[in-house]
Amino acid sequence: MRDALQGPALHRAIARVVARHLDPRAHRVWIVGSEAAGTALPGSDVDVALEGPTPVDLERLARLRSDLDMLPTLRSFDLVDLRRTSEGFRREALRVAIPLELSASG
Numbered sequence: 030m031r032d033a034l035q036g037p038a039l040h041r042a043i044a045r046v047v048a049r050h051l052d053p054r055a056h057r058v059w060i061v062g063s064e065a066a067g068t069a070l071p072g073s074d075v076d077v078a079l080e081g082p083t084p085v086d087l088e089r090l091a092r093l094r095s096d097l098d099m100l101p102t103l104r105s106f107d108l109v110d111l112r113r114t115s116e117g118f119r120r121e122a123l124r125v126a127i128p129l130e131l132s133a134s135g
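Going by this note's numbering, the first residue of the sequence shown is number 30, and it counts up by one from there.
Structure (structure tokens):
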């Protein structure tokens, strides 16, 4: 079975979902990990890094993950709030990252 969403189409869909949950003017979002590095396998999860002025509320993160899981893909999502990580982790995660453009229209 082939995923309905892959590559840039998947990234745009992720950005639309994130923009419904987080203020696009205050948050930045990246695809990181194997998806960004181009080494993802068909069953790899998609690592999504988020950063805003303050840590994202855990309930909001759970709702965001739930909505991402509704996307037409066989892949799962791993969210990381960079405000809740060390500076070293942040640097390493963003070393190879694909920035997502969030639109206020969601």
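Even glycine gets a Cβ: it sits at the ideal position worked out from N, Cα and C.
Asked, Found
"Three-way DSSP call (helix, strand, coil) for Arg-120 in this model", "helix"
"Leu-87, buried or exposed, once every other Cβ within 10 Å from all chains shown has been counted against 16", "exposed"
"Whole-angstrom distance between Ala-33 and Ala-55, CA atom to CA atom", "30 Å"
"Neighbour-count burial assignment, Arg-104, 16 or more Cβ in a 10 Å radius", "buried"
"Unbroken beta strand (DSSP E) run spanning Arg-41, endpoints", "Unbroken run through Arg-41 is the alpha helix (DSSP H), 36-50; no beta strand (DSSP E)."
"Top-ranked residue by Cα proximity to Ala-69, from Gln-35, Pro-82, Thr-83, Arg-94", "Gln-35"
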